[in-house]
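Residue numbers (our numbering): -9 to 260.
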């Protein structure tokens, strides 16, 4: 069964989906940005609750820190585009979103630009391949200088003498490298996981002081809610934290609620 969010990663000619889904990706990215920075730089865990509604100006998101009760607001405006084309034996999809994020917190307002770029195919009927994609998310200042980029990455388990090398959490040690134009998002049908969608990135953000490997698993629950759960690692494979976002969308695919949590790597399970 295909989830509502997974429709983004299919050959869907309905261009009305392009804006809500690409905007959702950018919004979720922005909502977890500070949580990741606080976890990596300060070791501070966090939890926040957000409500969202679609207005004439774009997607308005109001967020409350569940610990400090501090409130913030952002409006994500802009649009997405969809294009499909037949190349060889499969259909290639192009999803592109260009947005402006206006944020207000503690009486201060800041504005950023954000882009979402997806290139891939849902299913190759000749080769029998599941959907695969190359996805990049970037936020910049108004001057065009990068603030944060989710670079497509390949995350590989480390094997030595024919056995997996395990990390301190009892999970296979993983190293990340840039994927270039290769696949960094794809369905995972292994371990009876029911077709979860996995995405791997390297987060490049000068505020973090180093590249962060971001290994994300996406799933939809029976209730219709969605979960993005990611393990954060350094380039050497050391686990730095876990970030999860549980969210809901309306019938048109727009975000309505988001719970964002960032914690230290205790009793890690992935």
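Note that beta-carbon positions come from the ideal geometry of N, C-alpha and C, so glycine has one too. Note that this is a predicted model, so its numbers are computed, not measured.
- Residue 10: member of the alpha helix (DSSP H) spanning 8 to 32, first to last residue.
- For residue 67, the three-state secondary structure derived from DSSP is strand.
- By the 16-neighbour rule on beta-carbons within 10 angstroms, residue 59 is exposed.
- Here DSSP, grouped into helix, strand and coil, assigns residue 196 to helix.
- In the three-state reduction of the DSSP assignment, residue 93 falls in the strand class.
- Judged by DSSP secondary structure, residue 148 falls outside any beta strand (DSSP E); it is assigned neither H nor E.
- Distance check between residue 132 and each of 89, 212 and 50 places 89 closest, using alpha-carbon atoms only.
- Within 10 angstroms of the beta-carbon of residue 197 lie fewer than 16 other beta-carbons, which makes it exposed.
- Segment contact: the segment 123 to 138 against the segment 154 to 163, fewer than three CB-CB distances shorter than 8 Å; contact not assigned.
- When the beta-carbon positions are compared, residue 56 and residue 69 stay at least 7 Å from each other.
- According to DSSP, residue 142 shares a beta bridge with 191.
- 235 is the residue among 36, 255, 235 and 254 whose C-alpha sits nearest the C-alpha of residue 17.
- When beta bridges are read from the DSSP output, residue 166 appears opposite 145.
- In this structure the segment 236 to 247 does not lie against the segment 22 to 36, because fewer than three pairs of beta carbons, one per stretch, are closer than 8 Å.
- For residue 231, the enclosing beta strand (DSSP E) begins and ends at 229 to 239.
- Rounded to whole angstroms, the Cβ separation of residue 87 and residue 65 is 15 Å, and the two are not in contact under 8 Å.
- At the C-beta level, residue 174 and residue 124 come within 7 Å of one another.
- Residue environment: residue 211 is assigned as exposed (fewer than 16 neighbouring CB atoms within 10 Å of its CB, all protein chains considered).
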